[in-house]
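Structure record follows, encoded as structure tokens.
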Amino acid sequence: MPKKIKKNIEKEEKTIAPAPIEEPELELDLADLESNEEPIESLEKTIDEIPTKIQVDKKIEEVEAAKIKTTEATEKKVGKPGLLAIIDNFLGKFGKIPVNEKIFFAENLRVMVKSGLSMSEALDTISLQTRSKKFKTILLAIKKGVLEGNTLSDMLTKYPKVFPEFFINMIRVGEVSGNLEKNLEELSNQMKKDHDLVSKVRGAMIYPIVIVIATIGIGIVMFIYVIPNVLSIFEEIDVELPLATRLLIAFSNVITEHGIVVLIVSISVIIGIVLGLRTKKGKKMAHFLILNAWILGPIAKKINLARFSRTLSSLLKTDIRVIDSFKITSSVLNNVYYKEACLRVSRELAKGITINSILKDFPKLFPPLVTQMISVGEKSGTLDELLGEVAVFYEREVEDITKNLSSIIEPILIVFLGAVVGFIAFAVISPIYTLSENL
Numbered sequence: 008m009p010k011k012i013k014k015n016i017e018k019e020e021k022t023i024a025p026a027p028i029e030e031p032e033l034e035l036d037l038a039d040l041e042s043n044e045e046p047i048e049s050l051e052k053t054i055d056e057i058p059t060k061i062q063v064d065k066k067i068e069e070v071e072a073a074k075i076k077t078t079e080a081t082e083k084k085v086g087k088p089g090l091l092a093i094i095d096n097f098l099g100k101f102g103k104i105p106v107n108e109k110i111f112f113a114e115n116l117r118v119m120v121k122s123g124l125s126m127s128e129a130l131d132t133i134s135l136q137t138r139s140k141k142f143k144t145i146l147l148a149i150k151k152g153v154l155e156g157n158t159l160s161d162m163l164t165k166y167p168k169v170f171p172e173f174f175i176n177m178i179r180v181g182e183v184s185g186n187l188e189k190n191l192e193e194l195s196n197q198m199k200k201d202h203d204l205v206s207k208v209r210g211a212m213i214y215p216i217v218i219v220i221a222t223i224g225i226g227i228v229m230f231i232y233v234i235p236n237v238l239s240i241f242e243e244i245d246v247e248l249p250l251a252t253r254l255l256i257a258f259s260n261v262i263t264e265h266g267i268v269v270l271i272v273s274i275s276v277i278i279g280i281v282l283g284l285r286t287k288k289g290k291k292m293a294h295f296l297i298l299n300a301w302i303l304g305p306i307a308k309k310i311n312l313a314r315f316s317r318t319l320s321s322l323l324k325t326d327i328r329v330i331d332s333f334k335i336t337s338s339v340l341n342n343v344y345y346k347e348a349c350l351r352v353s354r355e356l357a358k359g360i361t362i363n364s365i366l367k368d369f370p371k372l373f374p375p376l377v378t379q380m381i382s383v384g385e386k387s388g389t390l391d392e393l394l395g396e397v398a399v400f401y402e403r404e405v406e407d408i409t410k411n412l413s414s415i416i417e418p419i420l421i422v423f424l425g426a427v428v429g430f431i432a433f434a435v436i437s438p439i440y441t442l443s444e445n446l
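When you read off a place in the sequence shown, starting at 1, and then add 7, the result is the number in this note's numbering.
Shown next as structure tokens:
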């Protein structure tokens, strides 16, 4: 190969060959690295200061507790000035929680659980909307317990006077089964029906109660101020007065001369009756008289049957056992005899006896309609649905009675008032006829 061609090939190879990459030289000075330990120590310190999950959760709980304390302190500071604030705080602290507040709680809690809010957030929101200061304090305390890891039903058990056994068990079963939203809906419906039932009866009784109280008040005023002036004329005349007039004078003298004694005796009698009704024997006697009374008896039976059917139907729709359902139902009913019947059913069911056969032993409390419907429900497995139908039937019966109650009681009140006015008129007028005959 000629030298000229060889030189050209070598020149082209040098042109095509890539240039070598120069690697930077790393010079490590061990003395400088050992002397500069502050960045490493600083990094280790930073890692140690990073909080763990437990510490974060604890901090969140402390913040939430501080919020509760701040809210309570704000509620104490804000209020009506002067005497109104004292009265309002007193009534809020010792007053009874209205049923409307409990219904509001159940309904709103259901909506918030459905929307995905946490239990603590839901309780906090409801506490801001409630009007009862006592209920607000209770809800904040329940929220604090929930943040500490307790369940809602466990916290509700700490307030048995506010949340009845039926309320707590419905929520507990909902928490365990995962159907809290459904149970809250059933609970609010049950409380609404029960509240409407009681409200209708109370509304129907307002008219006769007002008439009776007004009659007693007018009678007391007449015996103190009017009748003594009229009858004093007859006392000065030496004539034998009729028996009615003498009784009227004697009654008037007792009220005017010994009014304080009469007042003390009346208050003592009322307190004695109230205390007696709180005893077991007193309750049995009073409830027996109510069940067998002429007008009140049928109303009391239908109210208890409606409550019995509605409550038991709601409980059977959940995962609560039938035995426990009757125990809880007994706590909802007011009448002692219906309570005892439900407790007996709960005991006998454990022995394998059917509900229908047990209730037949109480024919005065449970009519054939109830026992037959329960029998059909036990056989078909639709006991909860049939009890709901029975509840609707008796709720309508109570509604019809309460609508006509005023028209039923009105004639009785008219007769009573007529008898009182007639007696007073006869006692005043009869001596006048006696005097005219002697003249």
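Each residue gets a CB set at the ideal place from its N, CA and C atoms; glycine is no exception.
Evaluate contact between the region 167-183 and the region 382-391, counting only Cβ atoms and requiring at least three cross-stretch pairs below 8 Å. Output reads no: the region 382-391 does not touch the region 167-183.
Exposure of L284, with buried meaning 16 or more beta-carbon neighbours within 10 Å: On the sequence shown, position 277 is the one that residue 284 refers to. Exposed.
Backbone CA spacing between S338 and L350 [nearest angstrom]: Counting from one through the sequence shown, the residue named residue 338 turns up at place 331. Counting from one through the sequence shown, the residue named residue 350 turns up at place 343. The alpha-carbon of S338 is positioned some 9 Å away from that of L350.
Rounding to the nearest angstrom, what Cα-Cα distance links V246 and V405 in this structure? Within the sequence shown, numbered from 1, the residue matching residue 246 stands at position 239. Within the sequence shown, numbered from 1, the residue matching residue 405 stands at position 398. Rounded to the nearest angstrom, the two C-alpha atoms are 56 Å apart.
So is I267 buried or exposed if we call it buried at 16+ other beta carbons inside 10 Å? Here residue 267 refers to the residue found at position 260 of the sequence shown. That one is exposed.
Taking the straight line between their C-alpha atoms, what separation do you get for Q281 and L319? Taking the sequence shown and counting its residues from 1, the one referred to as residue 281 is at position 274. Taking the sequence shown and counting its residues from 1, the one referred to as residue 319 is at position 312. Checking the sequence, you will find Val at residue 281 rather than Gln. Rounded to whole angstroms, V281 to L319 spans 31 Å at the Cα level.
Host alpha helix (DSSP H) of H202 (start-end): The residue you call residue 202 lines up with position 195 of the sequence shown. For H202, the enclosing alpha helix (DSSP H) has its first and last residue at 187-228.
CB-CB under 8 Å to E193, same chain, minus the five flanking residues each way: which ones, in chain order? Reading the sequence shown from its first residue, position 186 is the one you call residue 193. When the five nearest sequence neighbours on each side are left out, the beta carbons in the same chain lying within less than 8 Å of the beta carbon of E193 are those of M177, S321, K324, T325, in order along the chain.
For a quick check, are the C-beta atoms of A307 and A398 less than 9 Å apart? The count along the sequence shown starts at 1 and reaches residue 307 at position 300. The count along the sequence shown starts at 1 and reaches residue 398 at position 391. No.
For R138, which of helix, strand or coil comes out of DSSP? Here residue 138 corresponds to residue number 131 of the sequence shown, with the count starting at 1. Of the three classes helix, strand and coil, the one that applies to R138 here is coil, per DSSP.
By how many angstroms is the C-alpha of A300 removed from the C-alpha of A72? In the sequence shown, counting from the first residue as 1, residue 72 sits at position 65. In the sequence shown, counting from the first residue as 1, residue 300 sits at position 293. Its pLDDT being 45, under 50, A72 is placed unreliably in this model, and the coordinates cannot settle the point.
Work out the CA separation of L340 and R117 for me, nearest whole Å. Counted from its first residue, the sequence shown places residue 117 at position 110. Counted from its first residue, the sequence shown places residue 340 at position 333. For R117 and L340, the distance between alpha carbons rounds to 25 Å.
Give every residue of the same chain whose Cβ lies closer than 7 Å to the Cβ of I133, excluding the five residues on either side of it in the sequence, and list them in chain order. As a first step, residue 133 must be located in the sequence shown, where it is residue number 126. Excluding positions up to five away in sequence, the list reads F112, N115, L116, L146.
Residue burial classification, D368 (beta-carbon count within 10 angstroms, cutoff 16): The count along the sequence shown starts at 1 and reaches residue 368 at position 361. D368 counts as exposed, since fewer than 16 other C-beta atoms from the protein chains shown sit within 10 angstroms of its C-beta.
Entirely within the region 114-174 and at least 4 residues each: give me those alpha helix (DSSP H) ranges in chain order. Counting whole runs of 4 or more residues, the region 114-174 contains the alpha helix (DSSP H) stretches 126-136, 140-154, 159-163.
Cut-off 6 Å between Cβ atoms - residues of its own chain near L412, not counting five sequence neighbours on either side: Position 405 of the sequence shown, counted from the start, is the residue given in the question as residue 412. Only A211 meet the Cβ criterion.
Between the region 251-261 and the region 231-242, do at least 3 Cβ pairs fall closer than 8 Å? Counting C-beta pairs with one atom in each stretch, the region 251-261 and the region 231-242 have three or more that are closer than 8 Å, which means they touch.
Does the contact criterion of 3 or more C-beta pairs under 8 Å hold for the region 117-128 versus the region 143-157? Enough Cβ pairs lie closer than 8 Å, so yes.
Excluding the 5 residues preceding and the 5 following D131 in the sequence, name in chain order all residues of the same chain whose CB lies nearer than 7 Å to its CB. For the purposes of this step, residue 131 is taken as residue 124 along the sequence shown, with counting starting at 1. Listed in chain order, the non-local C-beta contacts of D131 below 7 Å within the same chain comprise K150, local neighbours out to five positions each way being set aside.
Report the option in V435, I421, T441 whose CA atom is closest to the CA atom of V1. The requested residue 1 is not part of the displayed model; the chain covers only 8 to 446.
Which residues mark the beginning and the end of the alpha helix (DSSP H) in which H348 is found? Residue mapping note: residue 348 aligns to position 341 of the sequence shown, counting from 1. Note that residue 348 is Ala in the sequence shown here, rather than His. For A348, the enclosing alpha helix (DSSP H) starts and ends at 343-356.
Quick check: I231 and V435, are their CB atoms within less than 9 Å of each other? The residue labelled residue 231 in the question sits at position 224 within the sequence shown. The residue labelled residue 435 in the question sits at position 428 within the sequence shown. Between I231 and V435, the CB-CB gap reaches or exceeds 9 Å.
4 or more residues per run - each alpha helix (DSSP H) lying fully within the region 260-289: If we require 4 residues or more, the alpha helix (DSSP H) runs fully inside the region 260-289 come out as 266-285.
Start and end of the alpha helix (DSSP H) containing P305? Within the sequence shown, the letter at position 298 stands for residue 305. Where P305 is concerned, the enclosing alpha helix (DSSP H) stretches over 303-323.
With distance defined between alpha-carbon atoms, name the residue in A426, I408, M119 nearest to P305. The sequence position of residue 305 within the sequence shown is 298, counting from 1. The alpha carbon of P305 has as its nearest neighbour, out of A426, I408, M119, the alpha carbon of I408.
Once DSSP output is grouped into helix, strand and coil, what is the label at F373? Counting from 1 along the sequence shown, the entry for residue 373 is found at position 366. Correct three-state label for F373: coil.
Nearest-angstrom Cα distance between Y344 and T441? Working through the sequence shown from its first residue, we reach residue 344 at position 337. Working through the sequence shown from its first residue, we reach residue 441 at position 434. C-alpha separation (whole angstroms): 56 Å.
For P375, count the other beta carbons within 10 Å of its own beta carbon; 16 or more makes it buried, fewer makes it exposed. Which is it? What you label residue 375 is simply residue 368 of the sequence shown in a count that begins at 1. Exposed, by the Cβ-count rule.
Under the rule that 16 or more other beta-carbon atoms within 10 Å means buried, what is N43, buried or exposed? As a first step, residue 43 must be located in the sequence shown, where it is residue number 36. For N43, the pLDDT reaches just 48, beneath the cut-off of 50, and the residue's location in the model is therefore unreliable, leaving the point undetermined.
For K291 and N342, what's the separation of their Cα atoms in angstroms? Looking up residue 291 in the sequence shown gives position 284. Looking up residue 342 in the sequence shown gives position 335. Answer to the nearest angstrom: the Cα atoms are 8 Å apart.
I439 to L424, Cα distance in whole Å? Numbered from its first residue, the sequence shown carries residue 439 at position 432. Numbered from its first residue, the sequence shown carries residue 424 at position 417. Approximately 23 Å, taken between the alpha carbons.
Identify, in the order they occur along the chain, each residue of the same chain with its Cβ nearer than 8 Å to the Cβ of I416, setting aside the five sequence neighbours on each side. Along the sequence shown, one-based indexing puts residue 416 at 409. Close CB contacts of I416 within its chain, under the 8 Å cut and outside five residues either way in sequence, are with Y214, P215, I302 (chain order).
Use the C-beta contact count for E69: other C-beta atoms within 10 angstroms, 16 or more gives buried, fewer gives exposed. To locate residue 69, count along the sequence shown from 1; it is residue 62. Bear in mind that a pLDDT of 48 at E69, under 50, signals an unreliable position, so the number given afterwards is only what the model happens to contain. E69 comes out exposed.
Tell me the rounded alpha-carbon separation between V465 and K287. Here the chain covers residues 8 to 446 and nothing more, so residue 465 does not appear.
Determine, using beta carbons only, whether H202 and N107 come nearer to each other than 9 Å. Residue mapping note: residue 202 aligns to position 195 of the sequence shown, counting from 1. Residue mapping note: residue 107 aligns to position 100 of the sequence shown, counting from 1. Cβ distance < 9 Å, so H202 and N107 count as in contact.
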